[in-house]
Structures are given as structure tokens and as C-alpha cells.
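Chains as they are written, first to last, in this note's numbering: chain F, 529 to 703; chain G, 556 to 1033; chain B, 7 to 108; chain L, 1269 to 1893; chain U, 3 to 503.
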């Protein structure tokens, strides 16, 4: 159990590192799927099988696919990869990395000393979650519907193909 | 637990807003009609407000486990709804002049209002999160609504990435808090804290990360950097919305959360907010002094103003909450008025954001200039305006709890603030150049003028006779 | 010793969170930024599940579901925006979108 | 009781002239201007008669309560006693004569009405000064005369240097006035009143002789007196004041205003007597001034400047007299001096007018024949100034001072020697002036022959300066003491040191001899051997220059006070304090620039900001925990 | 009610003047003139009719609820000091309207609106007895003043207006802090939270708290007064404002600072103020001398006069902190006489500017020749400014110094030296403007009838104050002696000694 957790965790971390260091977006996304799956395993071990399923279905399935769709729509070519190479230079990532390491070490220090002790692993299954969702949190579910609606309406409005795109772009260059 | 009937009545305002947005969406599906949607929006907003006016009371009850409906929440909900109404009135003319599809805007506006209204009555991390996200996601689209403008998109993506980023912090913080306290309910956390001797480190870190998320939404230093860009890029009415409704909702949440858990027992939290407040007041004002873009000036000024609000927030107590409430009213009125002026003067090419656009405005459109002057003076906290009483209230609450450093910085900040408010005013009254060669040719709509007029009358009225409003607030806060 | 400590779970979440964070910071491509934000949100969800599991409550998972919802909505709007920006600027460089400053 | 009319009439005259002067004919202006003073003089006569006939010690009239604050309650009220009677007599009569003189002298001037308005205002102020029953009102008159002096010196304002001279006069006297004002503050602090009579009555009870407070107050009052009376060290303004028209010089800068200091000290003699050291200083100042000014007068070529320095010198005599407590002697000399100096100035004015505003004595000469009346009256005045024995008023008044400076209870040999030296110089420069102007060859053509308006006042004044001396005769000369008896109720008589009574006649003889020898010296130098003075001048050129420039006081003050003040003012014209506020603005802008730099518009930058904020928050938590 | 009327007439008059200017700008001039005359007559009426001032300090009082939940009331009251100040306000206000009759040709209505609202604010400051309301009016007068400078001012108006506004606002905010501090301290001690002046008097508080609170009040007042080194807004504001603006600034606005010192600082914090007295007096003296030195150096006529204000106002703080009745009477007189004399000098500068379109005294000279009437008027006010006896300023300065001498002799000596400096700079005006040679390329007509109508009453006033100041002093006597009960005993003694006249 414990071992599985650590292995899954390690996979998640490594694959995430790969995600953020890939030059090719598609490669990165594939690593992302790996990362999500590893996490799903973690969820399962932590006693959240429902969450594990959703992780795979929605994150790995829906969201990543959506992103890939968009990438395909944008029709990114090889130059994009070169571009990424150019962008990702040490002077870009050293500073942020240091900052993040500071933050991470602080968090590690806090979490490991900070009194959130306890054991995990007790299973909270779908039934409990479902009861909870459609019990006390029913209004939350309704609201998440509104959330999605806002997202859809927004995406619809923004994503609609514009007619005068090129013209506008030229206009911008002329300026 | 079943949703009982009484609960539905309690959350009726929310249901009203949801229904309105749904109807709006459906009607778009049938036929696009700007006027119709606009009418629907205003009527429903008005309806909610009337409902609140008639049925609302300072009676305090909860809708377990997510919501608490009390006088404070109701009052602010009413304020939010009224502000949205005013903004939607201003929006009509603004969007009517633009070739975009206009109708979806109102759906988003209603949903954003819903999100903000949920924020102010939430007593649970889940409702907090959902309210916040409904608000945010609607706002992403609203900010980027004018697709014709590259800046609008730029602002939208900036806002989106940063908001999601800070939401992640907020969530992580909440998770940490939850992991320690075992409850996501504010009262549950409060219970845990009252039993604990000191603040556990993890919990403290959780609060710290939450402050990032909250601070981002408030636009306080050092989480403020998005403000000017988003203000500048967003359409003027949306900017008004961000400046008022979005921030106001968060302020209320902050007050509610920290009052409930009595966070002021912990010096670390107080110190953090003190530093944030001081930094916001100073840096916000400093940033604005040489700025020449009116929307950015207002953005920087809003950073400072959130710092001022934090003074009252830190002062806490009845007076602090009263001060926050009053200040929010004044601030809402003033900011909507100010951005209203910006939007009314914008033409279909760009928003009236350059300071040159205001050169000699007083001699061209004396009424609009007068309104703008009044609004700026209110922001500066000059008497005869609601902003004065609001600032007075803030200072009073600060002095009451002897936060001398904070009120002193507040005073200094106000003085620095004068620089740029006066700059705009001086420009409007300066007749020397540029009155003929104007780039902007706005079309003035009567409805806008009336809205602005009403706003300024209200603003002046509360400045001269704040008693009514104060009584109202005190009534609600009982 | 077959039990997993809460701290381990939280540390994993923190590590992933920080990886997402570093990703946002170092990538200039907006899509990457979006992806990294997703990683951060996901790790926050992990933290919730760890916490929920600690208390044996469903609330953690409920929160995770809402996070998931929000992430989906956000990604959809974000991608729409990215499309727009790509049309406008012909690039996905986050740093290029800096016409507003000062 | 018509006391208030005396100052009021000139005031009314002045008011009429200011308001309506431009619309009145010159004749009307003359009538109003001199008439008001004339009436005043008449009333003075009448009042004086009543005063003497009723043998009252004082008349009092209160016009209204000026202020009444916390015990400070000066009134606009007038107090007439023997001392002020002498003064108002001189002021109104000499003033009237000068007015009459001016009607002709100023006849061609554009500012005719303005001139009389100022002159009337001056007379009013001067009368207020001497009639005031409290120091506040005295101060009003005191400043009022200063103002009129300013206005009249700068009367011909189109000449820029006249304006500067006027300003100098005002400012320098104001320095003295400041001392006076502080003296008044101290008086009020000590007595809770500024009423002169009350103070005079209380002072001896409150202070012992030699009291330090009395000393300080006396010195402060002296400071005021020194300023107004152009004594050392504030004498520098008077020679420049000659920029004004000659009647002004006669009235203000010779006869009346400049003697206000003498009046002040005489008026407050009760305080001064409590401070013997202060009195000593008065005497020293007088002695020093009279010699200094005398030497300077020797070197001047401007007729009026000679007279100006002689005025300073003569007032020095008065101060000397005051310094040795010879109160009535000082007042006596004041009166006689007023007559003959007014006479000299008016005559000089007539000469100058006749020679087309020529001031340089070396360009005059031979006027004896052309202007006989002027010559004779001038001669009488000059003799009086030089104190030629027996026939001149000046002899009797100056002789008394010489005598008392040696024999008076505070007198000493040094005072006497200085006074004697002064007398010698006086007669030299006086007759130098006379010889240069009226003898020798005619160098400038005589234009304007003075008419009656000028000659009649001259004649009257000549008469007065001759007869005036006979109202007070020394012991050795019949001991006729009407004047000092008259003043006795106000000013105590001076007692003579023992053993000196017997040698009084010797002193008189010496004084007469000195005066006559001075005339002789002048005669040698300017009539017999005219070249001699030039030789002397070249052989001691530096000394001559030094004396000519009034012992260098002007340039000293210029370097010491004026230049530094102007320099500091000028470099600080832009107000150095403003730099501080500019600095604040600069700092604000500096901060603005720094913070603006963070608003780069780059998304990752903003994220970085949030992260840094997060780090700070967490670190803060860790530190504080 | 008459007190409310004072303010209401001005405010409503201002609005009407603005509105009517759309049709007729002359009409709006007349409206504001009439509004001010009505108020002036009302105030005179009170002055004459006032019940025996010995009985009570307060001649008229008015109080109404305003924001009861904060303890704010609309409370007005008039005592001798307020009455004098209000009289001065309306008196100078009338001339401010008259002097702008020809000078202001654009936006006449808005100008008069601002003018009347400034005056309304000033009036409010002088008569309010509620600290909140006081602060309210304190700020209300700034905005219109800002516009008066910023719209109708001279070439550098924007900078000047900025500076004025920010200085006064910054200091005002500090005062606000103090007001609130006082409010809460009083509330905690007594349980009643109120801004009422009378209740806040004699609030008990620790000495150091009192010190800090007093400094807050002081900040606002010494900036307004102004005391060196907080004076630098003044020369800019005064010299850049239109004539009416300068008149109001110098004549009235500065007086609000002095009024505040007398009305609030001394009574509210008697002990703390006493501690501060030597320093305050020192700053007064510095102001006197520094202002004089700067005035002497200026070549811009209005700037010169502005610095004389700095110098003259030095006497005010000097006298206020001398803590005795004499000095205080002097201060009150100084407030009035300075208002008139300096105001008149600004009017004069304005009339000269109208004629030759410059304020540089180097390009003036010899105006007496062409404009003797103007010269005479100028002379009188120059003399007033240098403190010539017989004119009002002398009474003021003499009393101040006389009183101050009892408090601090060394400083008084320096203050007295300031009078010499005053002579220097005042006569410089005379010298450069009116004396000297007339350069023929300028046309300088003498004062017009309208200008004479302005000047003659000012002359009469200053002479009247110089010769018959007692009527003014009687008006404030009660108010001042109430503040100095202890001094009263001494003065009674001396009165007995003096009484036998």
C-alpha cells in the first residue's frame, strides 16, 4: 500500500517535471496524462475511488483532449518547438526555480512539522460522496451548473470565429 | 438532508438571478434582441432588489451548510444588485455602440452578480469557492468581451491565468486548513481554533495561502499587478463591475471569515494584513501619480482604496463592519460613477482613457465633467461627497482601535492620492488646448446621463446626509 | 507501517503544486501556462482528498469534484481566449502580450 | 478747553488738502495750509496765556479712550504743561512761518497741495507727540513725524535718490523706534500703564537710583531718541534727508522733529535720573556727536549738508545738556536753535532757489549785494549758531550748556572740553559757509529774487533768534531766569557743583573767545588766503575724505547690515524651504518610477509578484511563530 | 436661524448665480453682490443689536441633529470672535465681487459660484461648534478655492492650485485624526460619543496623548496660517490667484488658521499648548523675520505682498502663544487688520496688473505721477503694513508685542526687529511702484469709480480700526477673558490704578 503510494507519487512528480520541461506541447500533454493517471492511483490508495475515476475521465480524458483539439486547430508547426527551445533558457528559469524552491521548502517544513498529523487510507466510497453531494451540498451542485454555464457562454462568445481577423491584424501592424 | 421549502425562499434572490440568466440564454437562442435582454436584465435585477427591500430583514438564519443569510449579507447583496443594475444601465449604451454580439454579456453579468452575491452569504469553503469561481469565470469572458480589441483579449488572458493561479493558492490553502481543522465550515474552523491554544503552523500556512487568493481578488499589494492592465483592457462597464461588485464581494467574505474565526487573535495574521494594507495604500497611490491613463489611474486608486478598507477591516468590531459597509456603498457609487463617465465618453473605437480625452471637458460637456469631478472628489475624500463620510468612517474605526500607524499611512496615502485626482480635475477644467481636435466622438445616451445623474445625487446625498444610510446599516448589522 | 501519513500526501500535493507553479513561471507559451495552472489546481484537489481522507469525510472529494468542474470551465474559456489571441497576435508568447504597462 | 484744536486744526487742513487738494486753487491751498497752522498758533498763544495767567501746572484733555485691554488703556488725551507748551509754541510758530515761507517757495511746484498736506500732517503729528499724555499716543506722534519726514524727503519722488534717502531716513529712525517700543513694553510691564505722568510719579518710588531696570529702560528710550534726533550712532540719515525741499529741512530736520529725542529724554527725566549711568551715556553721545558732526560740517561743500551736520552737532549740545541734567538748558537751546536753524535753512533755501537749485557753496559767492535781506538774516542766524557773544540768542543758550557741562552736578572737564572744541569748530564752519556764500565773487547768476512771502518769515525768525536769548540770562549777567523758572514745575533745576559759581564769568569769557577765534580762523582761510584751505585739503586728503563721508558710518552700516541683509534676501529669493517640498515631490516621483517598473505588462512578471508575496507571507508566519 | 441663513444665503446665491449666468453674466454678479450685502447687513445688525456681551459669550446659537448616530450635530454659534470674523468675511467678500467685476470675463457664473461657496465654507468654519462640521467646512472651502486659483489664475495657476490644495489637505487630514482621537477619548471617558465643541472642552486625557492630539490640530492651522516652514504654498497661491482669489486667500483663508488656534487649540489642550508655547513663539518670530526677508527680495508684486503675509501671520502665532489677554486682543486685531490691509494691497496689485499686465515691480515706477489717487491708497496700505500708528495694524502689532513681552522677552525683541524689516519691504513697494521716474510707454489711468468704491471703505476701515479699535476689542473681550481667567485678576488690579482718569 505504502509502497504503491510512493511509486505512484514518484511517477506523478517525474511525469509532471517532464510536462513542464517539454518543448513539444503534445509530448507535454502526454506526460500530463501519465501524471493524472498516477494521481488517480494515489486517489485510489487514499480511499477515494470516485475521485480516481473522475480524475481519469475528466482530467485525462476531457480536459487534455480539449487542449489537444485546440492545439490542432492552431496548427502549430515545428517552429513552435524551436521557439520553445529559445524561450526556455537558464536565465528564464533559474530565478523562478529558486523562488519556487524557497516556497516549496517552506511548505515542506510547515507541513511536516505543522500538526496535520494523522493517517489516511480509509475508504470514502461513491455512495458517501453521492449522498453528500446531493444532500447538504445540493445547492453547490446547482451552482457548479451555473459555473459551467458561465464557462460555456463565455467560451462560445470568445471562441466564435471572427470575420475580419486578418484585417484587424493588418490594422494593428499599420499602427 | 432535504432542501426544505423555507430554504428556497431564503435563497430566492439567487434563484431569481439564475432564472433570469437562463431565460436570457433561452431568449438568445430564439431571437437576438439587445433591448429585450437588457430589459430583462434590469427588470430582474430590480426585482431582486425590490424583493430584498420588502422582505429582507436583519433576521439571521443559515442555510446549512453553505450559506448564512444575515443583515450584513442582505445589505451587501442589495448593494451588489443595485450596482449591477447601474452598471447594466451604463452598459446598454456602451455596447449598443459596438458591433459585437451584445446579448451574452447580460448572461455573464447576471452570473457574475450571482457569484458575488453567493460570496457575501457564504459560510463554507465550498460556497466560497463556487461563488468566487462563478464570478471569475464570468469575468474572464466579460473582460475579453470586445473581441475587436487586442487589448481586451490580452487583459482577458492575463486575468484568467492570474485568477486561476491565485485560485489554486486559495484552494491549496483551504485544503491545508481543512486538513487541520477537519471542517470546511467557518464555524467549524472557529470551533477548532477556539479549542486550540495556538495557531498550528499548517493552518497558519493555509491562511497565508488563502490570503494570496483573497488578496488577488481584492487587488492589494503585492497581488495587485493585474489591476491596471485588466482595468485598461476591459470594457469600461466591466471595469466598473470588477472595481465594485467583484471586489466588494470579496471584502465582505474576508470580513465574515475573519470575524467568525476571530483571526485577529493571531498577531501573524494581523501583521500580514497590516503590511498588505500599508503597502497597498502607499504603492497604489505612488503608482498613480504620474500615470496618464485614466482607467489605470482609477485602477491604482482602487488598490489604495482596498488598502483603506483593510484599515477598517483590521479595526474590526461593530464600528469596523459599519465602516466597511458604508465605505463600500460610497465606493460603489463613486466608482460606478467614475467608470460611467469613462464609458459614456468612449466611442466605438476606444475607451476614453487617455487624460487628453478629458482636456477641457468642463467647457464641452459641463454636466459630465461636473459629475466626474464630484466622483473624483469623492474618491479623494472631500466633503459633500459620500467618499468623505466613508473615509471619515474608516479613519474613525482605525482611531477607535488605535491603529495609529495605519490611519497615519491612510492620511499620507490620501494626500498622495490628491495629486492624481486633482490632475484629472485640472485637466478637465483646463481650457487652453485641444478642444477642437478631439479624437473621440461619443454618442450620449439619455439613459446614461440619467444614471450618472442619479448616482451623483445619491453620492452627494449620502455625503451631506449620511444619517439615513448609517441607520440602515446599523439596522442591518444588529 | 502500511499506513500512509497525511503529511506524505500533503507533501506530494505540495510538490506537484510547486511543479505547476514553476511551470507557470518559466513557460512563455500560454498553453503551457494554462496546463501548469491545471496541474496546480489538480494538486490542490489532491490536497483536499488527502485531508478528506484523513477525516474520513466525503467533503474532500466533493470539493475535488467542484475543482474539477471549475478547471473544466476555466480551460474552456482559456482555450477560447487562446484561440483569439493566436488570431490576433499570431503567437502564443505570454510575454508578447504586454501592450499595457506602466 | 481748546487744547485738542491745536493738533486737530492742522489735521483737518491736511485732510482737506489730501481729499480735495487737486481741485483747489493754489491760493486756497495756501490759505488752508498755512491758515490751519496759523490758527493753531493763535490758539497756542491763547492757551499759553491762560496757562500762565492761571498759573496752572497742567491742562488735560481727553478726546476718547483709544484702547482698553487688560489694563492697557491709553487714551487719545493731551497733556499740556510747561515743557509741552514750549514745544508747541515753537512748533506752531516756527511751523506757521515756514508755511508762509513755503507759499512762495513752493509756488511753482506741481505738488503744491500735496506739500501743504504733508506739512500740515507733520505739524499735527509733532503736536500730538509733544502733547501726548501717554507713551502710546506719543509713539503715534513719534511715528507720524517719521512718516511725514519720509514723505517730505521723498517729496520730489521722480528723482530716485530722493526716494532712497527718504527710505533710509525712515528705516534708520525705525531702528531707534524699535528700541523705544521695547522700552515701552518694559515700562508697561513695570508700571501697568503707559501714562507718562503716572510713570514719572511712580518711578522714583519703585526704583532706587542706579536700578538696573531703570538703566535698561533709559537706554532703550535713549535708543529711540538717538534715532529721531540723529545722534551717534544713528545720525547717518539726516544729511541725506536734505533731499527734501528747504522748508522741510527747516521745519522737520532742524527746528522740530529732530529734537523729539530731546523732548523724549526731558519728558522722561524722572527715569533717567534714576539711572545716572544712562545719563552719562547721553552726555557722552552728545559730546561725541557734536564734535564728530562739527568736523564733518567743516568739509562739506553742499550748503544744506553743512547745515544738516550743524544740526546734528547742535542737537549733540542738547544731549550733552541732558546728560548733565541741565534740563532747562537743553530745552532753551532747543528753542533758540529752532529759531536760528530754521532761519538759516530758510535763508539757505532762498539762496538755493535764487541760484537755480545750486547747492554747492563753491559755486556761490558775492550774494551779499544781490540778496541783502537774505544776507543779513543769514548773518544773524550764523552768529547765533556760532554763539557770538552778547547779541545772539545762541550765545546765551550755548553758554549755559558749556557752563553746566563743567559745573553742573554731573558735569566734568571732558564734557566741557568737547563742548568747547565743538564751539570752536562751529564758528569756523558757520562762517566758512557765510564767507563762501555771500562774499567773494559772484559765480552763479542770481535768478529769483525772493518776495515778501520769503523775507517776512526770515525777518521774524531773525528777530526771534536774537531776542529769544534774553529770556534766560546767566548769573553773571543779571541772572534773569524766566525760562527755567517757567519750566521748573516740570523739569527740576540743576544744581551747580560747589566752588564753580565764582568762575562762571571766566567760562563765558573763554566761550566768547573761542567763538570769535573761530570766526577769525574762517576769515583767514576763506577771505584772506583762500588758497590755504585747498592746501590743507590736499595735504590731509584722507582725513578730509573720512570727515567728508561722515566718519565712514554710512559705509560701515552698509557693509555691516544693509549688504548682508540684501545679500541673504537675494540668494534666498526662491525660498530655500521650498526645496524641501520639491524634494518630497521628487521622492514621490522616484517611488513612482520604481513601482512603475514592476508594472511591466508581462504576465510572468505578475505571477512572480504573487509568488514573492506568498513567500513573504509564509516567511513572516515562520518568523513570527 | 440667522446663522444658518448666513451659510444658506451664500450657498443658494452661488447656485443661482451659476444658473443665471447662462442667460446673463451681469446678473450673476449682481446676485452674488446682493447675497453678500444681505449677509453683511445681517451681521452688522447682530453686532449692533447684540445683547449685552457681558452676560454670555454666545450671542446666537443654533443646533440641529445631523448624524446623531455618530454624535454629529449641525451646531452653530456666534461669539464675539466669530462675529468679527464673519463680519470681515462678508465685508471682504463684497469687495471680492466688486474687484472681479471687469477682471473676470469668462465663466462668470461658475466663478461666482465658487466665490460664494468659498465664503460659505469660511463662514461655516467661523461659526460652527461641532468638530465634525468644522472639519467639513474646513474642507468645503478648499475645492472652490482650488478652482478660483486653478481656473482664473495667472500663468502658473495649475501648479499653485495643486500646491495649495495638497498642503491644506494634508494638514487637514492630520487634524481629522486628532478630532477623531479626541472624540473617542471623550467617548470612552464619559460614555457619550459626540463632536460637540462644548462637551469636548475639558476632556481629561493623559499629557502625552493631549500633546499628540494638539499637534494634529496644530498641523492644520499652522499650514493655513502659515507658519514657516509650512508657508511655501502661500506665495504661489497668492501670486497666481486672480485678484479676488488673492483677496480671499490673504484676507480670510489665513484667518481660519488663526481662528482655529484660538478656538480649538488653546481651549481644548490648555496644558499641552502651554508646553508648546516657547516653540510656537519661536516659530512665530522665525516667520516674522524670514517672511520679511523673502518679501524684501521679491520682484513680483503679488509675491512680495504674499510674503508680507507670512511675516504678518508670524505675529499671530507669536501672540496666540503668549497666553495673555493683551496679546490675544492684538492677535484678533491683527487678523482683521491684516485681512483689510493685505487684501487691499492685493486689490491694488490687481488693478495695476489690469493696467500694465505685469506684476514685476522692476517694470513699474512713478505711478504716482499718473495715478495720484492710487498712489495715496497704496501709501496708506503700505504704511498699514509697516505698522504705522493710527492705522489698524499698529494697534494689533503693538498689543501683540506688548503682551508677548510679558511672556518671552528675548523673542519679543526679535519680533520687534521684524517691524524694522517690515519697514524695509513695505517702503520698497512704495519706492518701486509709485516713486521714481515714470516710464512713458505705459498707460496708467487712475482708479476708476468702481475701484474707488472698493478702496475708500477699506481705507476708512483701516483708519477707523487704528483710531477706534475699542469697539472691536469690546466685542471679543468676553471671549478672550474667559480664556484667561487668571490674567483677568492682574488686569483688574491695574485697571484700578489706571481708573482715575
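Glycine residues also receive a C-beta, built at the ideal position from the N, C-alpha and C atoms.
- In this structure, residue 1604 of chain L sits away from residue 1730 of chain L, with a CB-CB distance that is not shorter than 9 Å.
- Residue U/81 holds the alpha-carbon nearest to the alpha-carbon of residue 59 of chain U among U/74, U/44, U/81 and U/51.
- Take the alpha-carbon of residue 298 of chain U and the one of residue 281 of chain U: they are about 25 Å apart.
- With respect to residue 1467 of chain L, residue 414 of chain U sits apart: the two C-beta atoms are not nearer than 9 Å.
- For residue 1772 of chain L, the three-state secondary structure derived from DSSP is helix.
- Residue state for residue 1499 of chain L is assigned as coil, using DSSP reduced to three classes.
- The C-alpha of residue 723 of chain G is placed about 14 Å away from the C-alpha of residue 732 of chain G.
- Taking a C-beta distance under 9 Å as the contact criterion, residue 85 of chain B and residue 683 of chain F qualify as a contact pair.
- Contact check for residue 835 of chain G and residue 862 of chain G: beta-carbon distance about 3 Å, within the 8 Å limit, so the pair qualifies.
- Within the same chain, Cβ atoms closer than 6 Å to the Cβ of residue 1332 of chain L are found at 1344, the five residues on either side in sequence being excluded.
- Not flagged as an interface residue toward chain L: residue 663 of chain F, since no C-beta distance is shorter than 9 Å.
- In terms of Cβ geometry, residue 759 of chain G and residue 689 of chain G do not form a close pair [threshold 9 Å].
- Measuring C-alpha to C-alpha distances from residue 1644 of chain L to each of L/1631, L/1614, L/1625 and L/1667 identifies L/1614 as the nearest.
- The closest CA to that of residue 1821 of chain L, considering only L/1364, L/1440 and L/1415, is found on L/1440.
- The beta carbon of residue 1712 of chain L lies closer than 7 Å to those of 1623, 1626, 1631 and 1632 in the same chain, with the five residues before and after it left out.
- Where residue 1595 of chain L is concerned, the enclosing alpha helix (DSSP H) starts and stops at 1595-1622.
- If you ignore the 5 residues before and after residue 296 of chain U, its C-beta comes within less than 6 Å of the C-beta of 309, all in its own chain and listed in chain order.
- Boundaries of the beta strand (DSSP E) harbouring residue 617 of chain G: 616-618, taken from the DSSP string.
- Using a Cβ-Cβ cut-off of 9 Å, residue 555 of chain F does not count as an interface residue toward chain G, since no Cβ of chain G sits closer than that to its own.
- Under the three-pair Cβ rule at 8 Å, the segment 739-756 of chain G does not count as touching the segment 597-606 of chain G.
- C-alpha of residue 203 of chain U to C-alpha of residue 481 of chain U: approximately 15 Å in a straight line.
- Residue 1539 of chain L counts as buried, since no fewer than 16 other beta carbons sit within 10 angstroms of its beta carbon.
- The beta carbon of residue 670 of chain F sits no closer than 9 Å to any beta carbon of chain L.
- Interface residue (Cβ-Cβ distance to chain L less than 9 Å): residue 759 of chain G is classified as such.
- In this structure, residue 1383 of chain L lies near residue 1370 of chain L, with their beta-carbon atoms less than 9 Å apart.
- Non-local C-beta neighbours of residue 589 of chain G in its own chain, meaning closer than 6 Å and more than five positions away in sequence, comprise 657, ordered along the chain.
- By DSSP's assignment, residue 1570 of chain L forms a beta bridge with L/1628.
- Under the DSSP assignment, residue 1347 of chain L falls in the beta strand (DSSP E) whose first and last residues are 1343-1348.
- Judged by beta-carbon spacing, residue 1512 of chain L lies beyond the 9 Å limit of residue 1583 of chain L, meaning their Cβ atoms are not closer than that value.
- Contact with chain F is found for residue 1886 of chain L, since one of that chain's Cβ atoms lies less than 9 Å from the residue's Cβ.
- If only uninterrupted alpha helix (DSSP H) runs of at least 4 residues are considered, those enclosed by the segment 1509-1555 of chain L are 1514-1518, 1528-1535 and 1537-1541.
- In this structure, the CA atom of residue 26 of chain B is about 27 Å from the CA atom of residue 788 of chain G.
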